[in-house]
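I have placed the structure first, in the form of structure tokens, so that the comments after it can refer back to it.
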Amino acid sequence: MEKRVKESTDKTFNEQLESTSKKLRELYYSIRDYILALGDDVTENKLKLYSAFKKIKNIVCIEVKMKSIMLYLRLNPEEITLENGFTRDVSKIGHWGTGDLEITIKNPQDFEKAKEYIYKAYEIN
1 MEKRVKESTD KTFNEQLEST SKKLRELYYS IRDYILALGD DVTENKLKLY SAFKKIKNIV
61 CIEVKMKSIM LYLRLNPEEI TLENGFTRDV SKIGHWGTGD LEITIKNPQD FEKAKEYIYK
121 AYEIN
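Going by UniProt numbering, the sequence shown opens with residue 1, and the numbers climb by one from there.
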């Protein structure tokens, strides 16, 4: 009997980005531009399911969902006051990308709040 290989039903990063709202796409590009502007040493590496931004190591990984953008930052969640619905410790939870601090961005105000964490991840990595 021949084994069947199960096809992945996960949408690629680009498929996710294209299928989300125009506002969320624009917000993603604002986040991307902000991260890349942190320094000449930051590069973007688009992978199948997420986009990674790194210096030598990944500092931020981004997944695009239907109604939100998920950032995974290489920061210690124990050193941050977590805010329900905005930040979450994912150090013991499986997820795509690198980083133990998850930030959920649904609007420009969330992005403004996230900037300090993005900058901190850039500075310490």
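Using N, Cα and C, we set each Cβ at its ideal position, and we do this for glycine too.
Item to check | Buried versus exposed, by CB contacts within 10 Å (16 or more), E78 | outcome: Counted from its first residue, the sequence shown places residue 78 at position 78. Exposed, because fewer than 16 other Cβ atoms sit within 10 Å of the Cβ of E78.
Next on the checklist: Cutting at 8 Å between CB atoms, please list the residues of its own chain near V90, excluding the five before and the five after it.
Outcome noted: For the purposes of this step, residue 90 is taken as residue 90 along the sequence shown, with counting starting at 1. Cβ neighbours of V90 beyond the five flanking positions: Y72, P77, G99, D100, L101, E102.
Checklist entry - DSSP beta-bridge partners for Y72? => result For the purposes of this step, residue 72 is identified with residue 72 of the sequence shown, where counting begins at 1. Partner(s): C61, E102.
Checklist entry - Residue range of the beta strand (DSSP E) that A52 falls in? => result The count along the sequence shown starts at 1 and reaches residue 52 at position 52. Its beta strand (DSSP E) spans residues 51-54.
Checklist entry - Shortest alpha-carbon distance to Y119 belongs to which of Q16, E26, D33? => result On the sequence shown, residue 119 is found 119 positions in, with the first residue counted as 1. Nearest C-alpha to Y119: D33.
Checklist entry - Counting Cβ pairs, one atom from each stretch, are 3 or more of them under 8 Å apart for the region 34-46 and the region 79-88? => result no
Next on the checklist: Runs of 4 residues minimum, wholly inside the region 12-57: which ones carry the alpha helix (DSSP H) assignment?
Outcome noted: Runs of the alpha helix (DSSP H) lying entirely within the region 12-57, each at least 4 residues long, are 13-19, 22-36 in chain order.
Next on the checklist: Can you tell me where the alpha helix (DSSP H) holding D89 begins and where it ends?
Outcome noted: The residue labelled residue 89 in the question sits at position 89 within the sequence shown. Segment 87-89 is the beta strand (DSSP E) holding D89; no alpha helix (DSSP H) there.
Next on the checklist: If I measure Cβ to Cβ from G97 and keep anything under 6 Å in the same chain, skipping five residues before and after, which residues do I get?
Outcome noted: By 1-based counting over the sequence shown, the position of residue 97 is 97. Answer for G97: Y50, C61, Y72, listed in chain order.
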